[in-house]
Amino acid sequence: MAKKYPERHAIIFNDIKITFKELDEMSNSIAHYLRTHGIQRNDIIPIISDRSPYYIISILGISKAGAAYLPIDIKFPIDRVQYILQEVKPKIILFNNAQNIIENINNKYLVYNIKNHNFSKNTDFIHNINDYDDLCYVLFTSGTTGKPKGTLITHFNIYN
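Quick note: to get the working numbering, add 202 to the position in the sequence shown (first position is 1).
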């Protein structure tokens with residue numbers, strides 16, 4: 203869509219309008235940032251964010267970097283978030299408008315406020331490194347035993 207309709211709006215959120223070209227470049231920038239910080243295929247990157255364009259940009263950037271995204275709702279109780287992070291052991295956590303959660307997690311995680319990212323840096327195309335059997339995203343269920351359980355979704359799963 204970015205090549206075919208670069209000036210069409212991909213995201214309209216309140217007063218924010220982002221074109222397909224801008225979305226492509228912004229997500230490329232995030233992908234380059236993640237790769238320079240050692241993110242590789244099948245790494246799981248949590249996104250702790252409210253609903254915003256940054257959430258979509260993060261998902262696309264993580265996917266372009268070759269990693270899998272893990273959405274974490276900012277309304278989750280802190281003990282649930284800590285449990286999920288302990289299970290996943292992420293190299294980095296992307297967040298937006300989730301300072302209350304970030305302040306309450308252990309300092310052992312690298313956290314990055316997506317809102318402060320310089321989206322004009324490293325916007326060039328990034329080569330796809332994913333295979334169909336690589337992870338695309340992870341969802342944690344409520345867990346019938348009381349502990350959340352992660353469900354792993356591959357690129358093939360969403361392609362079918």
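Built from N, CA and C at the ideal position, the CB exists for glycine as well.
Treat the numbers as computed from the prediction; the structure is a model and nothing was measured.
Boundaries (first-last residue) of the beta strand (DSSP E) holding residue i
i: T356; result: G352 to T356
i: A270; result: A270 to D275
i: S251; result: I246 to S251
i: Y314; result: L312 to N315
i: N298; result: I294 to N298
Residues of its chain near residue i, where Cβ-Cβ distance is below 6 Å and the 5 sequence neighbours each way are ignored
i: S260; result: I249, L296 and I316
i: I303; result: I250 and V283
i: L262; result: S229
Unbroken alpha helix (DSSP H) run spanning residue i, endpoints
i: P257; result: The sequence shown places Tyr at residue 257, rather than the Pro named in the question. Start and end: P255 to A267.
i: K223; result: F222 to T238
i: Y285; result: I280 to V290
i: I374; result: Residue coverage of the chain in this structure runs from 203 to 362, which leaves residue 374 outside it and unanswerable.
Proximity winner among the options, relative to residue i (alpha-carbon distances)
i: H239; options: P273, K206, D226 and P292; result: P292
i: N318; options: Q301, Q284 and D226; result: Q301
i: I241; options: I331, E305, Q288 and T353; result: I331
i: Q288; options: K349, K206 and D226; result: K349
i: N244; options: Y256, P255, N306 and K266; result: K266
Proximal residues to residue i (C-beta, below 7 Å), its chain only, five neighbours per side dropped
i: D335; result: T356 and F358
i: I360; result: C338
i: I274; result: P248, I249, I250, V283 and I286
i: T347; result: none
Whole-Å CB distance - residue i paired with residue j, under 8 Å assumed
i: I258; j: I247; result: At roughly 14 Å, the Cβ-Cβ gap does not stay under 8 Å, so I258 and I247 are not in contact.
i: N180; j: D252; result: Outside the shown range of the chain (203 to 362) lies residue 180, about which nothing can therefore be said.
Neighbourhood of residue i by C-beta distance below 8 Å, restricted to the same chain and skipping five residues each side
i: R210; result: M203, T221 and F222
i: T353; result: V340, L341, F342 and T343
Exercise. So does the stretch 213 to 223 actually touch the stretch 274 to 282, counting three or more Cβ pairs closer than 8 Å?
Worked result: The stretch 213 to 223 vs the stretch 274 to 282: no contact.
For this session: Tell me, please, whether the stretch 227 to 237 touches the stretch 315 to 330 by the rule of three or more beta-carbon pairs shorter than 8 Å.
Result: Touching, yes.
For this session: Give a yes or no on contact between the stretch 261 to 272 and the stretch 304 to 313, applying the rule of three or more CB pairs nearer than 8 Å.
Result: Using a Cβ-Cβ distance cut-off of 8 Å, the stretch 261 to 272 and the stretch 304 to 313 are not in contact, since fewer than three pairs of beta carbons, one from each stretch, lie closer than that value.
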